[in-house]
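Structure first, then comments.
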Amino acid sequence: MPPLRRYLPILDWGRTYDKTAFSNDLIAAVIVTIMLIPQSLAYALLAGLPPEAGIYASIVPILLYAVFGTSRALAVGPVAVVSLLTASAVGQVADAGTAGYAMAALTLAFLSGGFLLLLGVLRLGFLANFLSHPVIAGFITASGILIATSQVKHILGVEAQGHTLVELLISLVEHVQNASLPTMLIGLSVTGFLFWVRSGLKPMLQRLGVKPGLASVLTKAGPVAAVVASTLITWGFDLAQSGVKIVGEVPQSLPPLTLPDFSPDLLSALLLPAILLSVIGFVESVSVAQTLAAKKRQRIDPNQELIGLGAANIGAAFTGGYPVTGGFARSVVNFDAGAQTPAAGAFTAVGLAIAAVALTPLVYFLPKATLAGTIVVAVLSLVDFSILRKTWGYSKSDFAAVAVTILLTLGLGVEVGVASGVAISVLLHLYKTSRPHIAEVGLVPATQHFRNINRHAVATDPSVLTLRMDESLYFVNAQFLENLILSRVTEGCAIRDVVLMFSAVNEVDYSALECLEALNARLRDMKVGLHLSEVKGPVMDRLRRTHFIQDLNGEVFLSQYDAWTRLHREPPPNKAAE
133 MPPLRRYLPI LDWGRTYDKT AFSNDLIAAV IVTIMLIPQS LAYALLAGLP PEAGIYASIV
193 PILLYAVFGT SRALAVGPVA VVSLLTASAV GQVADAGTAG YAMAALTLAF LSGGFLLLLG
253 VLRLGFLANF LSHPVIAGFI TASGILIATS QVKHILGVEA QGHTLVELLI SLVEHVQNAS
313 LPTMLIGLSV TGFLFWVRSG LKPMLQRLGV KPGLASVLTK AGPVAAVVAS TLITWGFDLA
373 QSGVKIVGEV PQSLPPLTLP DFSPDLLSAL LLPAILLSVI GFVESVSVAQ TLAAKKRQRI
433 DPNQELIGLG AANIGAAFTG GYPVTGGFAR SVVNFDAGAQ TPAAGAFTAV GLAIAAVALT
493 PLVYFLPKAT LAGTIVVAVL SLVDFSILRK TWGYSKSDFA AVAVTILLTL GLGVEVGVAS
553 GVAISVLLHL YKTSRPHIAE VGLVPATQHF RNINRHAVAT DPSVLTLRMD ESLYFVNAQF
613 LENLILSRVT EGCAIRDVVL MFSAVNEVDY SALECLEALN ARLRDMKVGL HLSEVKGPVM
673 DRLRRTHFIQ DLNGEVFLSQ YDAWTRLHRE PPPNKAAE
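The sequence shown begins at 133 in this note's numbering and counts up one residue at a time.
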C-alpha cells in the first residue's frame with residue numbers, strides 16, 4: 133500500500149464508495165445519532181463535565197477517525213470507562229464545575245492523543261498486548277461497578293462523594309435520609325424501563341407484528357423515549373421546583389475552538405493518567421474493531437488505529453471535548469445497522485452537530501436522574517464476574533490477576549486499578565517466561581519423532597540428556613535452564629552428552645548467550661558434551677557471529693534424530709525392521 137494511503141485509509145475505501153454504501157451508512161448514522169444524543173450527555177455527566185462536552189467530543193473526533201481510522205464500523209466518542217478515568221485524573225488537579233476542570237480535561241485529551249499518535253508513528257501497537265485480556269476484563273468489571281455506584285446519588289437526588297467503592301457506599305449511606313422522592317421515582321422508573329427495553333421490548337414488538345429490523349431500531353431508541361418522557365414530566369409538573377436536578381441550559385452552538393493548558397505542572401500531573409487512559413482506551417477500541425472486522429472478513433491495522441484514535445483525541449482537545457475511544461455498544465449498533473464505511477461516522481457527526489445547534493434547548497428540563505439511569509444500564513452490561521470462574525478453572529495465575537485487579541480498582545480507585553493491571557500483566561508474563569516449559573524428550577519407537585518422556589512411551593539413553601526448550605531464551609529465563617541442566621549433570625552420573633533441542637527457540641538474547649557460554653565451559657570441565665539440534669536459521673545466524681559455536685563442546689545437528697543417531701550408545705530403533 134502506498135505510504136499516503138497507508139496513513140489516510142479514506143483514500144482506500146473512498147475510491148470505491150457508491151450509492152449503496154452511502155444509503156447504508158446514512159441509515160446507520162441516523163440510528164447511532166439517536167442513541168448517542170442521550171449517551172453523550174450522560175457520559176459527560178459521568179466525567180464531571182458540562183453535558184455539552186459529551187456532544188462536542190462526539191463530532192470532530194468522529195470526523196478525524198473517519199479519515200485516519202481503518203475500522204469500517206468502529207464508532208468513536210465518549211465511553212463509560214474513559215469518562216470515569218477522566219473524572220478520576222482531572223479531579224486530582226481541579227475541582228469539578230470549574231473552568232480549570234474543563235481545561236484539564238482538554239489537556240488530558242491532548243496528552244492522550246499525542247501519546248497514541250507517537251505509538252502509531254513508531255508502530256508500537258504491540259505494546260498494548262502486555263495488558264492481558266483477563267486483567268482488562270477484571271478492570272472493566274470493577275469499573276462498571278464503580279460507575280453504577282457513583283450514579284446512585286443522581287438517582288436518589290443526594291450529594292455523595294468518593295473515588296472507591298467503600299467511600300461511595302459510606303457517603304451514600306450518610307446522605308440517604310436526604311433522598312428526593314420525585315428524583316427517586318424518575319431515576320428508578322427510567323432505570324427499570326431501560327432494563328426492560330434491553331430484554332423485553334424487541335420480543336414484544338415482534339409478537340405485535342413489527343418487523344425485526346424496525347423492532348431493533350425502536351429498541352435502540354429506548355433511551356430516547358426515556359429522555360423525552362422524563363423531560364416532559366419534569367417540565368409539565370415543574371419538578372425542578374420540587375428538588376429534581378435538571379440539565380439546565382446547554383449552549384446552542386457547534387463545538388468551539390479551545391486550547392489546552394500547556395503549563396508544565398499540569399502536563400506533568402496528567403502525563404501518567406493520560407498514558408494509562410490511552411492504553412485502556414486503545415485496547416478496548418482495537419478489540420471491538422477486530423471483532424467486527426472479522427465478521428466481514430476485513431482487517432484493521434492496529435498501528436493505524438493508534439493514529440486514528442490519536443487524531444480523534446487531539447481533535448477533542450481543540451474543540452471543547454475530552455478523551456474518547458471506540459465504544460463497544462455504539463460500534464455494535466453501527467455494525468448491526470449496516471454501516472459499510474467510516475463515512476457512517478462522519479454522517480453521525482453531522483447529525484450530532486445539527487442536534488448541538490437545534491435540539492439542545494429541548495433538554496433543558498432533562499433530569500440528571502434520567503442520564504444516571506442511562507449510565508447504570510449501559511455499564512452493568514460490562515460487569516462480568518464469570519471471568520473469575522473461567523480463569524479459576526483454567527489458570528490460577530490469571531485468576532489471581534483478575535481478582536487483584538478487581539479488588540484494587542474497587543478498593544483504591546481506577547488509576548491504581550489500571551496501573552496495577554498493567555503491572556500484573558507484565559509481571560505475569562515475566563513470571564511465566566522465567567520458568568519456561570522444558571521437556572526431557574525421547575524417541576518414539578519406529579519413528580524419527582521425539583516427545584516428552586512423561587507423556588509418551590519413548591526410548592531414552594541414560595548417557596544422553598535431551599531437553600526441548602519451549603520458549604525463547606532471554607535474560608529472564610536463561611539462568612533457569614542453566615540451573616536445571618547443572619542439577620541433572622551431577623558428579624558420578626551416567627550423562628555424557630546434553631542436547632538442547634531448539635525447535636521452539638525463536639530468539640537468544642545476549643544475556644542468554646552468556647549463560648550458554650558459561651554452561652558450555654562448566655560441562656567441558658565435567659567432560660560432558662553440549663550439543664544443539666534443530667536450531668532455526670535466524671538464531672543460528674546470530675550465534676555464528678559470536679565465538680559460541682566455535683567454542684561449543686559438542687556439535688550442532690540439523691535434526692534431533694541426527695543427534696540421537698550420532699550420540700546413542702546402541703543402534704537406533706530400525707523402523708524398517710519392525
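Ideal placement from N, C-alpha and C gives every residue a C-beta, glycine not left out.
Residue nearest to residue i in terms of C-alpha spacing, selected from the options
{"i": "Y197", "options": "Q436, S665, N609, R567", "result": "Q436"}
{"i": "N156", "options": "V199, R567, R204", "result": "R204"}
{"i": "W145", "options": "V192, A372, V162, A476", "result": "A476"}
{"i": "I519", "options": "T537, T598, R676", "result": "T537"}
{"i": "G180", "options": "G453, A469, I570", "result": "G453"}
{"i": "A361", "options": "V342, G319, G223, Q338", "result": "G319"}
{"i": "Y424", "options": "L398, F450, I439, A461", "result": "First, the residue type needs correcting, since residue 424 is Leu and not Tyr in the sequence shown. Among L398, F450, I439, A461, the Cα nearest to that of L424 is on A461."}
{"i": "F200", "options": "G440, R674, A578, L655", "result": "G440"}
{"i": "P388", "options": "I169, G624, L178, V192", "result": "V192"}
{"i": "N445", "options": "I617, I194, A650", "result": "I194"}
{"i": "F242", "options": "A571, I407, A485, L514", "result": "I407"}
{"i": "S714", "options": "R676, A153, Y175, A160", "result": "The shown model of the chain, from 133 to 710, leaves out residue 714, and the question about it has no answer."}
{"i": "K352", "options": "V495, H569, F517, T506", "result": "T506"}
{"i": "A269", "options": "A280, L340, R521, G229", "result": "R521"}
{"i": "I163", "options": "E666, S529, I142, A347", "result": "A347"}
{"i": "L248", "options": "I187, S417, Q611, A226", "result": "S417"}
{"i": "A207", "options": "E687, A695, L178, M167", "result": "M167"}
{"i": "I359", "options": "Q373, M336, V253, K500", "result": "According to the sequence displayed, residue 359 carries Val and not Ile. Taking only the C-alpha atoms, the option nearest V359 is K500."}
{"i": "I279", "options": "L503, V420, A421", "result": "L503"}
{"i": "S665", "options": "A176, R677, T678, T697", "result": "T697"}
{"i": "L511", "options": "Y175, P141, F607", "result": "For clarity, residue 511 is Val in the given sequence; the question names Leu instead. When each option's Cα is compared against that of V511, the closest is Y175."}
{"i": "L651", "options": "A610, F689, F325, A626", "result": "A610"}
{"i": "L143", "options": "G246, A231, T202", "result": "T202"}
{"i": "F467", "options": "K427, L498, V456", "result": "K427"}
{"i": "D530", "options": "V508, H561, S513", "result": "H561"}
{"i": "T592", "options": "A626, S619, L618", "result": "A626"}
{"i": "S513", "options": "R628, P396, L340, A274", "result": "A274"}
Where the alpha helix (DSSP H) containing residue i begins and where it ends
{"i": "V360", "result": "354–368"}
{"i": "V590", "result": "That residue, V590, is in no alpha helix (DSSP H); it is neither H nor E in DSSP."}
{"i": "V267", "result": "265–288"}
{"i": "A578", "result": "Segment: none, A578 is in no alpha helix (DSSP H) and carries neither H nor E."}
{"i": "V548", "result": "546–566"}
{"i": "Q436", "result": "434–449"}
{"i": "A461", "result": "460–468"}
{"i": "F325", "result": "313–328"}
{"i": "Q338", "result": "334–339"}
{"i": "H307", "result": "297–307"}
{"i": "F247", "result": "231–253"}
{"i": "G413", "result": "396–427"}
{"i": "A292", "result": "No alpha helix (DSSP H) holds A292; DSSP gives it neither H nor E."}
Start-to-end residues for the beta strand (DSSP E) that takes in residue i
{"i": "E666", "result": "Note, E666: premise wrong, no beta strand (DSSP E); not H, not E."}
{"i": "F582", "result": "582–584"}
{"i": "V515", "result": "Per DSSP, V515 belongs to no beta strand (DSSP E) and is neither H nor E."}
Cβ separation of residue i and residue j, assumed to be a contact under 8 Å, to the nearest whole Å
{"i": "G545", "j": "S172", "result": "The pair is not a contact, with the Cβ atoms about 25 Å apart (cut-off 8 Å)."}
{"i": "V534", "j": "V298", "result": "Wrong, their Cβ atoms sit about 20 Å apart, outside the cutoff."}
{"i": "V376", "j": "T366", "result": "6 Å"}
{"i": "V640", "j": "V671", "result": "6 Å"}
{"i": "T598", "j": "V573", "result": "5 Å"}
{"i": "A448", "j": "A189", "result": "5 Å"}
{"i": "G661", "j": "V630", "result": "7 Å"}
{"i": "T218", "j": "D393", "result": "In fact, because the Cβ distance is near 15 Å, the residues do not count as touching under 8 Å."}
{"i": "E614", "j": "C647", "result": "5 Å"}
{"i": "V225", "j": "L402", "result": "7 Å"}
{"i": "L350", "j": "L337", "result": "6 Å"}
{"i": "V489", "j": "S385", "result": "7 Å"}
Within the segment 598–664, ranges of the alpha helix (DSSP H) (whole runs, at least 4 residues): Residue ranges of uninterrupted alpha helix (DSSP H) with 4 or more members, entirely inside the segment 598–664 and ordered along the chain, are 610–620, 642–657.
- prompt: Would you say the segment 541–552 touches the segment 581–591, given that touching needs at least three Cβ pairs under 8 Å?
  reply: Put simply, the segment 541–552 does not touch the segment 581–591. Fewer than three CB pairs are less than 8 Å apart.
- prompt: Pairing CB atoms from the segment 205–222 with CB atoms from the segment 403–423, are three or more of them under 8 Å?
  reply: Contact between the segment 205–222 and the segment 403–423 is established, with three or more Cβ pairs separated by less than 8 Å.
- request: Counting only runs of 4+ residues fully inside the segment 471–518, write out the alpha helix (DSSP H) ranges in chain order.
  value: Counting only runs of 4 or more, we get 475–490, 500–512.
- prompt: Within the chosen definition, does the segment 327–345 reach the segment 374–392 through at least 3 CB pairs nearer than 8 Å?
  reply: Judged by Cβ distances under 8 Å, the segment 327–345 makes no contact with the segment 374–392, as fewer than three pairs qualify.
message: Would the segment 513–528 count as touching the segment 221–235 if we require 3 or more Cβ pairs under 8 Å?
response: With a cut-off of 8 Å, the segment 221–235 and the segment 513–528 do not count as touching, because too few Cβ pairs lie within range.
task: Please confirm if the segment 281–288 is in contact with the segment 464–473, defined as three or more CB-CB distances below 8 Å between the two stretches.
output: Contact fails: fewer than three Cβ-Cβ distances are below 8 Å.
task: Jot down the residue ranges of each uninterrupted alpha helix (DSSP H) in the segment 146–219, minimum 4 residues, whole runs only, in chain order.
output: Within the segment 146–219, the complete alpha helix (DSSP H) segments at least 4 residues long are 151–178, 183–188, 192–200, listed from N- to C-terminus.
query: Per the contact definition of three or more C-beta pairs closer than 8 Å, is the segment 680–689 in contact with the segment 653–662?
result: Taking 8 Å as the limit for Cβ pairs, the verdict is that the segment 680–689 does touch the segment 653–662.
message: Count Cβ pairs between the segment 634–652 and the segment 589–603 that sit closer than 8 Å; are there 3 or more?
response: With the cut-off at 8 Å, the segment 634–652 and the segment 589–603 touch.
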